[in-house]
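Participant:
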Amino acid sequence: MSQLYITLQAKGGVGKSYVSSILAQYFLHAGHPVRCIDTDTTNPTLLRYQPLRSEYLKLSEEHVINPRAFDRLVETLAAADDATHFVVDVGSNGFQPFMAYAVENDLFAVLESLGVQVTINSVIAGGPDVAETLSSTKAVLEHTQAPTLIWLNAHLGALEYRHCPIAELHLFSPFEARIRGWVTLPRYPATTFGQDVEQMLRQRWTFDEAIDRLTLMPQRRLQRVKQDLWSQLERVRWT
6 MSQLYITLQA KGGVGKSYVS SILAQYFLHA GHPVRCIDTD TTNPTLLRYQ PLRSEYLKLS
66 EEHVINPRAF DRLVETLAAA DDATHFVVDV GSNGFQPFMA YAVENDLFAV LESLGVQVTI
126 NSVIAGGPDV AETLSSTKAV LEHTQAPTLI WLNAHLGALE YRHCPIAELH LFSPFEARIR
186 GWVTLPRYPA TTFGQDVEQM LRQRWTFDEA IDRLTLMPQR RLQRVKQDLW SQLERVRWT
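Just remember that our numbering sits 5 ahead of the position in the sequence shown, which is counted from 1.
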């Protein structure tokens, strides 16, 4: 069956498209056929990563879902080769209409019945955005039955809520069976690793592009960042 990895988060600016790009690069590195689809109506970041050859699909307009666009997406997923890994990036502005449509139409169950294996990716950001991103992730877990991979982004602050580490919060306990794993995006030293990652993100480079274009020490640091992420992804329960 084809695989759908869809990134959902209501809060913008927390690394959602970075997560989608990491997944796409990881699957390509593993030799899987990958198709990336960007649906963000205002800031289609994934589309700007040239090596990923993303397609653009406008799923909503003025916060209203376009059912025909969804029809095309479902048909594309169902008709794909079994080995294809789809990475779909839903913009923060499309989160609410997408979730409303998915819940009303039991979208993920329909996709599973068509032979599409679904994994939701949800990003929780540390620092000032923790409450809002936690709320969004909780909504995904409560209103769908799809397996979910949770990404923790420490770039904006500590990964804790009310002095408790996010991964230890009781709110996740009812959903443990559906949580495929946890991947952490660490907070790096600003003047070395952090600056290298920031430049890569600003230029919309993949890891391989950045490593090819930068000088020796930034190359080494980005290789370490990439290896750390790949190691975490190898520990995910994909099935």
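Heads up, the beta-carbon is just placed ideally off N, CA and C, and yes, glycines get one too.
Below 8 Å on the Cβ atoms is my guess for residue 10 versus residue 92; work out the distance and round it to an integer in Å.
Facilitator: As a position in the sequence shown, residue 10 is number 5, starting the count at 1. As a position in the sequence shown, residue 92 is number 87, starting the count at 1. With a Cβ gap of about 5 Å, residue 10 and residue 92 count as contacting.
Participant: By how many angstroms is the C-alpha of residue 179 removed from the C-alpha of residue 87?
Facilitator: Sequence index remark: in the sequence shown, residue 87 carries index 82 (1-based). Sequence index remark: in the sequence shown, residue 179 carries index 174 (1-based). Whole-angstrom Cα-Cα distance: 31 Å.
Participant: Have a look at the DSSP bridge pairing and note the partners of residue 130.
Facilitator: As a working mapping, residue 130 is identified with position 125 in the sequence shown. 158, per the DSSP bridge assignment.
Participant: Measure from the alpha carbon of residue 148 to the alpha carbon of each residue in 170, 125, 129, then state which is nearest.
Facilitator: For the purposes of this step, residue 148 is taken as the residue at position 143 of the sequence shown. Taking only the C-alpha atoms, the option nearest residue 148 is 125.
Participant: I need the DSSP call for residue 79, collapsed to helix, strand or coil.
Facilitator: By one-based count along the sequence shown, residue 79 stands at place 74. In this structure, residue 79 counts as helix in the three-state DSSP scheme.
Participant: Looking at the structure shown, is residue 54 part of a helix, part of a strand, or coil, going by DSSP?
Facilitator: Against the sequence shown, residue 54 aligns to sequence position 49. If DSSP states are grouped into helix, strand and coil, residue 54 belongs with coil.
Participant: Among residues of its own chain, excluding the 5 on either side of residue 25, which ones have a beta-carbon nearer than 6 Å to its beta-carbon?
Facilitator: Walking along the sequence shown from the start, residue 25 turns up at place 20. Once the five neighbours on either side are set aside, the close Cβ partners of residue 25 are 12, 51, 92, 94.
Participant: Exposed or buried, what is residue 23 when buried is set at 16 or more other beta-carbons lying within 10 Å of its beta-carbon?
Facilitator: Position 18 of the sequence shown holds residue 23. So residue 23 counts as buried.
Participant: May I ask you to report which of helix, strand or coil DSSP gives residue 94?
Facilitator: Working through the sequence shown from its first residue, we reach residue 94 at position 89. Three-state DSSP puts residue 94 in a strand.
Participant: Let's test the definition: count the other Cβ atoms within 10 Å of the Cβ of residue 170 and tell me whether it reaches 16, buried, or not, exposed.
Facilitator: In the sequence shown, counting from the first residue as 1, residue 170 sits at position 165. So residue 170 ends up on the exposed side.
Participant: Can you round the beta-carbon distance between residue 238 and residue 202 to whole angstroms, since I take them to be within the 8 Å contact cut?
Facilitator: Numbered from 1 along the sequence shown, position 233 holds the residue referred to as residue 238. Numbered from 1 along the sequence shown, position 197 holds the residue referred to as residue 202. Not really, about 17 Å apart at Cβ, beyond 8 Å.
Participant: Give me the DSSP bridge partner(s) of residue 66.
Facilitator: Here residue 66 corresponds to residue number 61 of the sequence shown, with the count starting at 1. DSSP, once it has assigned bridges, lists 69 as partnering residue 66.
Participant: Using the C-alpha atoms, what's the distance from residue 32 back to residue 109?
Facilitator: Here residue 109 corresponds to residue number 104 of the sequence shown, with the count starting at 1. Here residue 32 corresponds to residue number 27 of the sequence shown, with the count starting at 1. C-alpha separation (whole angstroms): 31 Å.
Participant: Classify residue 1: buried if its beta carbon has 16 or more other beta carbons within 10 angstroms, exposed otherwise.
Facilitator: With the chain running from 6 to 244 in the structure shown, residue 1 is simply not present.
Participant: In terms of residues, what are the limits of the beta strand (DSSP E) holding residue 43?
Facilitator: Position 38 of the sequence shown, counted from the first residue, corresponds to residue 43. Its beta strand (DSSP E) spans residues 39-43.
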